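S.K.:
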Amino acid sequence: MPCPKPPYAVCVLLLALDTATPAVTVALHDGHDVIASSSQVDARRHGELLLPAVDRVLAESGLTLDAVTGVVVGIGPGPYTGLRVGLMTADTFGLVLGVPVHGVCTLDGLAFAADIDEGPFVVATDARRKEVYWARYADSRTRLTDPAVDRPADIADQVAGLPAVGAGALLYPDTFPVAHEPEHVSAAALARLAAEKLAAGEELPAPRPLYLRRPDAQVPKNYKVVTPK
Amino acid sequence: MADEPLVLGIETSCDETGVGIVRGTTLLADAVASSVDEHARFGGVVPEVASRAHLEAMVPTIERALKEAGVSARDLDGVAVTAGPGLAGALLVGVTAAKAYAYALGKPLYGVNHLASHICVDQLEHGALPEPTMALLVSGGHSSLLLSTDITSDVRPLGATIDDAAGEAFDKIARVLNLGFPGGPVIDRYAREGDPQAIAFPRGLTGPRDPAYDFSFSGLKTAVARWIEAKRAAGEEVPVRDVSASFQEAVVDVLTRKAVRACKDEGVDHLMIGGGVAANSRLRALAQERCEAAGIRLRVPRPKLCTDNGAMVAALGAEMVARGRAASSWDLSADSSLPVTETHVPGHDHVHEVGKENLYS
Ligand SMILES: [Zn+2]
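Okay, here's the thing in structure tokens:
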């Protein structure tokens, strides 16, 4: 165990997960820093990769899941199917372990990882369908706008001249000419951000998904007429 | 019996979030949260709406099932989940939850087949499944004739629909008649007051050269729609009760005729009927009549166990544990087109070895 048993100190072990981008990323944070992490980029296999990654990160640290005192999960925005893998896993761990589950906006995790003291700058991830999920930041800890989903061309005015990070920025150089790494969010950054906020007594959002789009639903037209009129 | 396996099952292949708990063949809890109302205005299940609802409903439904069963999650012998077939995104939510749940509890995980679960659920109603058993599964998603000699390892497909599922036909005809969604229960209700012989609708794939065990409901659906439109075009009132009864009769006549024939051909003396359409009162009555005449014992679970639910998954999971079948591995994936012959998804070698030291003792 990384810390002594109470009452000598309050033991913290945060398990952070994010599946809102093509990265399947897991990290453990002991209240001081990240002690183990794993990131794999594979947009189609979130469901298969996440749990083995959790298992690996715990094994590397010589810890068991029951040592976890809190779960941190990226709430997106992100393509829905993958996004739900992280959230469902976090919810279920929270249920079994009886520990709090904290949400963190995935774009905030990316902004934190970008480590920019003086902005403004933009974080943009790939929303597919030729759109990006994005928000503007004053610095790595301060978001200025609500996360949104838009076509890059439609937000060109709002992001003009600003540096940008994230796969969404790297994908659309016309809109984001000054784009750079990090490309994907890391659970390590998510964990550090959450640990900092929790230590400062800040409340983190509930672990509810930021879909930002309504579900595609084809409303069937009145039944197909099969006889000629 | 206390030494029978205690298993929790999770089902999310379509629009029901189901969590069931069984001990061997005894049902302890069957908690279901349905998003059917959210789909009603679309006239069918919208996959993304279903997936979103599963995520919201999962944890509360697990908690409800545990409370209902009066057991502690720590006492479970395994966690089972529908690995497929079904809607990919919807399945993934359940598989993800089951994996995290099993892992956090340090219990083995069993990814099982949805269709085999529909058959196995009858153990909760009528005790151990006879081997072999013929199964007719009919719902909005499936219409299959299956022969099972061992529900954990050997389920053979004899026939299936070549176009629409039987339940789909009920939904479509209900829509044509402006009766709403889902169509099954409402057509059943109107049909009770109608004449099943009033209109002679076609029986699909019943000719001498047609495949003996396959079904087709597309032609029937078109014929019924045409008939209704002709009435409307002529300015006449559509006799909803007679249309419902005659349409329903055409469906259940073919289903039961083929199921009984399959039993005779294969020398099987037990027929089970499952899936949502098994709740249909006329299907139950006609199957009973024809099975009695043919010396076949009919087993139909109560309607709540026929529709998609977690108890059926738990029932098959418990059977997997009882028969010592291999557990699934932590990288189990949802397979939207899992063949019925794959009754479960066993893990690779040394399934849980990797993480064993991380789990609770
Ligand atoms: Zn089903």
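Heads up: the protein sequence lines correspond to chains V and A, in order. Residue numbers for the first sequence follow this note's numbering, beginning at 1 and rising by one. Residue numbers for the second sequence follow this note's numbering, beginning at 1 and rising by one. Just so you know, even glycine gets a beta-carbon here, dropped at the ideal spot from N, CA and C. Because the structure is a prediction, the values reported are computed rather than measured.
(1) Below 7 Å CB to CB, which residues in the same chain sit around V:Val12 once its five sequence neighbours on both sides are set aside?
(2) Against A:Ala212, what residues of chain V qualify as contacts under a CB-to-CB distance less than 8 Å, listed in chain order?
(3) Assess contact between the stretch 282 to 301 of chain A and the stretch 77 to 89 of chain A, defined as three or more Cβ pairs (one per stretch) separated by less than 8 Å. Is contact present?
(4) DSSP three-state label for A:Ile21, please.
(5) So that I know if they touch, is there some Cβ in chain A lying closer than 7 Å to that of V:Val12?
(6) Kindly indicate if chain A contains any beta-carbon less than 7 Å away from that of V:Gly31.
(7) Have a look at A:Pro47, A:Glu249, A:Pro339 and flag the residue whose alpha-carbon is nearest the alpha-carbon of A:Val93.
(8) Here's a check: name, in chain order, each residue in its chain whose Cβ is nearer than 8 Å to the Cβ of A:Ala102, leaving out the five neighbours to either side.
(9) Whose Cβ in chain V lies nearer than 9 Å to the Cβ of A:Arg64?
(10) In whole angstroms, what separates the C-alpha of V:Ala195 from that of V:Leu110?
(11) Should V:Glu131 be labelled buried (16 or more other beta-carbon atoms within 10 Å of its own) or exposed?
(12) So, is V:Glu118 buried or exposed, given that buried needs 16 or more other C-beta atoms within 10 angstroms?
(13) Run down chain A in chain order and give the residues with a C-beta less than 7 Å from the C-beta of V:Thr89.
(14) If you follow the alpha helix (DSSP H) that A:Val260 is part of, which residue opens it and which one closes it?
(15) Could you work out which residues of chain A lie near V:Val99, taking near to mean beta carbons separated by less than 8 Å?
(16) Quick one: complete alpha helix (DSSP H) runs, 4+ long, within the stretch 22 to 108 of chain V?
(17) Per DSSP, A:Ala73 is paired with what?
(18) Tell me, which residues are paired with V:Trp134 by DSSP?
(19) For A:Gly111, does the three-state DSSP call read helix, strand or coil?
(20) Which residues of chain V have a Cβ atom closer than 8 Å to the Cβ of A:Glu372, listed in chain order?
(21) Skipping 5 residues on each side, what residues in its chain have a beta carbon closer than 8 Å to that of V:Val99?
(22) Does the beta-carbon of V:Asp157, which I'm using as the reference point, lie nearer than 6 Å to any heavy atom of ligand 3?
(23) Give the range of the alpha helix (DSSP H) segment to which A:Gly78 is assigned.
(24) Take A:Ala104 as the anchor and find which of A:Gln123, A:Ala128, A:Ala322, A:Ala73 has the nearest alpha-carbon.
(25) The beta strand (DSSP E) that contains A:His270, what's its start and end?
(26) For the 8 Å Cβ check, are there 3 or more pairs between the stretch 195 to 202 of chain A and the stretch 286 to 300 of chain A?
(27) Counting only the same chain and skipping the five closest in sequence on each side, list residues whose C-beta sits under 7 Å from that of V:Asp108.
(28) Note down the Cα distance separating A:Asp3 from A:Met134, rounded to an integer number of angstroms.
(29) Contact defined as beta carbons within less than 8 Å: I believe A:Lys221 pairs with V:Leu51. What is the distance between those atoms, to the nearest angstrom?
(30) Please list the partners that V:Arg84 has in chain A, where partner means a Cβ-to-Cβ separation under 9 Å.
(31) Could you tell me the distance, in whole angstroms, from the CA atom of A:Val176 to the CA atom of V:His184?
(32) Please determine, among A:Leu27, A:Ala50, A:Leu76, the residue with the shortest C-alpha to C-alpha distance to A:Glu38.
(33) Which of the three DSSP states is assigned to A:Val354 in this structure?
(34) Between the beta-carbon of A:Ala287 and the beta-carbon of A:Thr307, is there less than 7 Å?
(35) Whose C-beta lies closer than 8 Å to the C-beta of A:Ala65 among residues of the same chain, with five residues either side of it excluded?
(36) Measure the C-alpha to C-alpha separation of V:Asp174 and V:Val41 and round it to an integer number of angstroms.
M.R.: Judging by the given coordinates:
(1) Closer than 7 Å at Cβ, skipping near neighbours: Asp30, Gly31, Thr69.
(2) Chain V residues near A:Ala212: none, gap ~29 Å exceeds 8 Å.
(3) no
(4) In this structure, A:Ile21 counts as strand in the three-state DSSP scheme.
(5) Output row for V:Val12: interface = no.
(6) No, V:Gly31 lies away from the interface with chain A (no Cβ there is under 7 Å from its Cβ).
(7) A:Pro47
(8) Gly78, Val79, Pro108, Leu109
(9) Ordered by position in chain V, no residue passes the 9 Å Cβ test against A:Arg64, which lies about 12 Å from the chain.
(10) If you take the alpha carbons of V:Ala195 and V:Leu110, they lie about 15 Å apart.
(11) Around the beta carbon of V:Glu131, 16 or more other beta carbons lie within 10 angstroms, which makes this residue buried.
(12) exposed
(13) Thr96, Ala100
(14) 240 to 266
(15) Simply none; closest approach about 10 Å.
(16) 46 to 61, 80 to 97
(17) Here A:Ala73 is not bridged, per DSSP, to any residue.
(18) V:Ala124, V:Ala148
(19) In the structure shown, A:Gly111 adopts extended strand secondary structure according to DSSP, grouped into three states.
(20) As shown, chain A starts at 1 and ends at 361. That puts residue 372 of chain A outside it, with no answer to give.
(21) Within its own chain, the residues whose Cβ lies closer than 8 Å to the Cβ of V:Val99, once the five positions on either side in sequence are excluded, are Val68, Thr69, Gly70, Val71, Phe93, listed in chain order.
(22) Although ligand 3 was asked about, the structure shown includes only ligand 1 as ligands.
(23) Segment 78 to 84 is the beta strand (DSSP E) holding A:Gly78; no alpha helix (DSSP H) there.
(24) Ranking the options by Cα distance to A:Ala104, first place goes to A:Ala73.
(25) It spans 270 to 274 - the beta strand (DSSP E) in which A:His270 sits, taken as one unbroken run.
(26) no
(27) Arg143, Leu193
(28) 29 Å
(29) Not a contact, Cβ separation roughly 43 Å.
(30) What V:Arg84 touches in chain A, judged by beta-carbon distance under 9 Å, is Ser51, Arg52, His54, Leu55, Gly89, Leu92, Val93, Thr96, going in chain order.
(31) 49 Å
(32) A:Ala50
(33) Any reading at A:Val354 needs caution, since the residue's pLDDT is 41, under 50, leaving its predicted position unreliable; the model's value is listed next. If DSSP states are grouped into helix, strand and coil, A:Val354 belongs with coil.
(34) no
(35) Leu8, Val19, Gly20, Ile21, Ala29, Asp30, Ala31, Gly310
(36) When rounded, the separation of the alpha-carbon atoms in V:Asp174 and V:Val41 is 25 Å.
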